[in-house]
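Written below as structure tokens is the structure these notes are about.
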Amino acid sequence: MLKQLLRTKHPLAVTSEAGEFELHRTLGPWGLTAIGIGAVIGGGIFAMTGHAAAEHTGPAIMLSFVLAAVCCTFCALCYAEFAAMVPVSGSAYSYAYATLGEGAAWFIGWMLILEYGISASAVAASFTGYLKSFLDHLGLHLPAIIANAPLDTHFHTTGAIINLPAVGIVLALTGLCYVGIRESAGVNTAMVVLKVLLLIVVIALGCRYVDTSLWQPFIPPNQGGDAFGWPGVLRGAAIMFFAYIGFEATSVAAQESINPKRDLPIGMLASLAICTVIYIAIAAVMTGLLSYTQLGTDEAVVTAISAHPALAGLRWLVEIGALIGLSSVILCMVIGQPRIFMIMANDGLLPHVFTRIHPKYRTPHINTLITGAGIAVAAGIFPLDVLGDLTSIGTLISFAAVCAGVWILRVTHPESPRSFRIPLAPLVCLLGIVSCLILLGVTFYFGAYNFRLTLIWTLIGVVLYFAYGYRHSRLRNI
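Residue numbers for the sequence shown follow numbering that gives the first Met the number 0, beginning at 0 and rising by one.
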């Protein structure tokens, strides 16, 4: 059993097996960059920035964004080398299988469900808040009983039945992904362009009214625990890490990329760089327009803009931009998760039904329907806080595994062709692993329930692996 758990596949074998399930190759570097930006800019900047600034960082939310970006940069470089070397769907799962063994690959694949599936649920939950605000301005009001999660952070009932708008947007975008990657990517690119332009407008107009005195003190004195000071900045970095999740979503579309060895590194690094600049600029404008103590709302960008009379007219524009931005994130995650299921089923770790490709649309249609249904259920039941923390935990674990995998492959397979090579690879990989573990430790330290939920999720994955994957693994039957 231990031998099988540690058994790996040669990176080139991973690539050749992917050809058994051919998808349409229609994505170039700009399409992949748009998928990355579409997956990144959404719930983090629109829903979580205000709470992080008001409760943990103050104006130093800008510094938290930088720290999270540094961690993601190390990981992006590792992803880029892996994606150029093993240009297949599956993301960190495929990379772990090539370096750390089947047991670790299953664990990472199980954690990726938290990153793609649960993060889409979290973004869908925040979509409801902006939709309610937008409809309120039109004189339309959604009943609270169908527009809130029935469970709160401590899993107590809230009196609501379901978060119906969250469920609705997920199912609508799932239908789009069912039709095909070209149609989905086209809609996503349009949404990305619109939301980026809207954010640029907010930055350009808002910076004219920034009051720099509101940035003092930049790091408010610590008030105990993770309330401000440097502990608060680190907690803010762990929270805002959620805002960067998705830049590596380009890697799961590898089999639909025209030239993956060239375009995947471009897509990942370009999307991360663009999003970092936008995040820091938006954070600077928000904290410069309104005191950070007043930003703890579910629509912090709107709150900051509305506080200044000269900018009040932008409120509608920001709300529309938020709805577009959140929708594009959900779309990208619904694109990504089914392709991870497909590659896991190709390895025998999931039932063969997950490998089926639609004869007309050439998409993993069954996976897409299953993914959409699962995301919709989670979005309709659980609150944003729980979903956000679980997403960050799963992502940090998978990012650390990718960094470790690149380091291992440099030692075990130095002869393998790499069209993109990380400079100072051992140092970059080590810094990526350490930064992920620091943020993971902060998340667990200041939220003990996060550890318990992650443990339960892991145990469920272990049971499923030994109940099916262990016995049906293709490596075992070779």
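A virtual CB, placed ideally from N, CA and C, is assigned to each residue, including glycine.
Since the structure is predicted, the reported quantities are computational estimates derived from the model, not experimental observations.
| Check | Outcome |
| --- | --- |
| Looking only at C-alpha atoms, which of Val317, Pro164, Ala282, Ile392 sits nearest to His50? | Ala282 |
| Can you tell me the Cα-Cα spacing of Thr292 and Leu313, whole angstroms? | 22 Å |
| Starting from Val427, trace the alpha helix (DSSP H) both ways and give me its first and last residue. | 424 to 444 |
| Look up Thr554 in the DSSP assignment and give the residues it is bridged to. | In the structure displayed, the chain extends from 0 to 477; residue 554 sits before or after that span and is not available. |
| Could you tell me which whole alpha helix (DSSP H) segments of length 4 or greater appear in the region 86 to 148? | 91 to 98, 101 to 112, 118 to 136 |
| Let me confirm a value: Leu310 is counted as buried when at least 16 other C-beta atoms fall within 10 Å, else exposed. Which label applies? | buried |
| Can you check DSSP and say which residues form a bridge with Asn162? | Ala146 |
| Flag this pair as yes or no: are the beta carbons of Ile432 and Met110 separated by less than 7 Å? | no |
| Report, in whole angstroms, the separation of the C-beta atoms of Met190 and Ser327, which I expect to be a contact under 8 Å. | 4 Å |
| Roughly how many whole angstroms lie between the Cα atoms of Ala400 and Asn449? | 20 Å |
| Given that a residue counts as buried once 16 or more other Cβ atoms are within 10 Å of its Cβ, and exposed if not, what is Ile323? | buried |
| By Cβ distance below 7 Å, which residues in the same chain neighbour Gly287 in space, the five residues on each side in sequence not counted? | Val209, Asp210, Thr211, Leu213, Trp214 |
| Spatial neighbours of Val427 within its chain, please: CB distance less than 6 Å, with the 5 preceding and 5 following residues excluded, ordered by chain position. | Phe73, Leu76, Ile421 |
| Within its chain, find whatever has a CB closer than 8 Å to the CB of Thr302; leave out the 5 residues flanking it on each side and keep chain order. | Gly49, Leu289, Gln293, Leu294, Thr296 |
| Please report the residue range of the alpha helix (DSSP H) in which Met61 lies. | 60 to 84 |
| Using a Cβ-Cβ cut-off of 7 Å (strictly less than) and excluding sequence neighbours within five positions of Phe20, which residues of its own chain qualify? | Caution applies to Phe20, whose pLDDT of 46 falls short of 50 and renders its modelled position unreliable; the model cannot decide the point. |
| Quick one: which unbroken alpha helix (DSSP H) runs of 4-plus residues sit fully inside the region 260 to 325? Chain order, please. | 299 to 305 |
| Which word fits Ile334, buried or exposed, when buried means at least 16 other C-beta atoms lie within 10 angstroms of its C-beta? | buried |
| Would Val405 and Glu80 be called neighbours here (beta carbons separated by less than 7 Å)? | yes |
| Do Ala67 and Ala236 have their C-beta atoms within less than 7 Å of each other? | yes |
| For Ala51, report the span of its alpha helix (DSSP H) as first-last. | 48 to 51 |
| Does DSSP put Tyr360 in a helix, in a strand, or in coil? | coil |
| Kindly indicate which residue of Ala378, Arg338, Ile60 has the alpha-carbon position closest to the one of Arg361. | Arg338 |
| Rounded to whole angstroms, what's the CA-CA distance from Gly18 to Pro219? Just pull it up for me. | Low per-residue confidence applies at Gly18: pLDDT is 47, beneath 50, and the placement is therefore not dependable, though the value from the model is reported in the following sentence. Cα to Cα, the separation comes out at about 54 Å. |
| Given a cut-off of 7 Å on the beta-carbon distance, is the pair Cys274 and Val39 in contact? | yes |
| Is Pro225 near His412, with beta carbons less than 7 Å apart? | Sequence check: residue 225 is Asp here, not Pro. Not in contact: Asp225 and His412 (Cβ atoms no closer than 7 Å). |
| Please report the residue range of the alpha helix (DSSP H) in which Trp406 lies. | 383 to 411 |
| Please list, in chain order, all residues of the same chain as Asn162 whose beta carbon is under 7 Å from its beta carbon, the five residues on each side excluded. | Ala124, Thr127, Ala146, Asn147, Ala148, Ala378, Gly379 |
| How about Leu137 and Gly320: are their beta carbons less than 7 Å apart? | no |
| I'd like to know whether the C-beta of Ile365 is nearer than 7 Å to at least one C-beta of chain C. | Considering every chain present, this structure includes no chain C. It has just one protein chain. |
| When you compare each of Thr442, Val441, Phe381 to Phe154 by their alpha carbons, which one comes out closest? | Phe381 |
| How should Gln336 be labelled, buried or exposed, when 16 other C-beta atoms within 10 angstroms of its C-beta is the threshold for buried? | buried |
| Under 8 Å by Cβ, that's how I've got Met267 and Tyr78 pegged, so tell me the actual separation to the nearest angstrom. | 6 Å |
| Whose C-alpha, out of Phe465, Ile44, Val284, is nearest the C-alpha of Leu204? | Val284 |
| So for Leu170, helix, strand or coil by DSSP? | helix |
| Just curious, the alpha helix (DSSP H) that Leu233 is in, first and last residue? | 228 to 239 |
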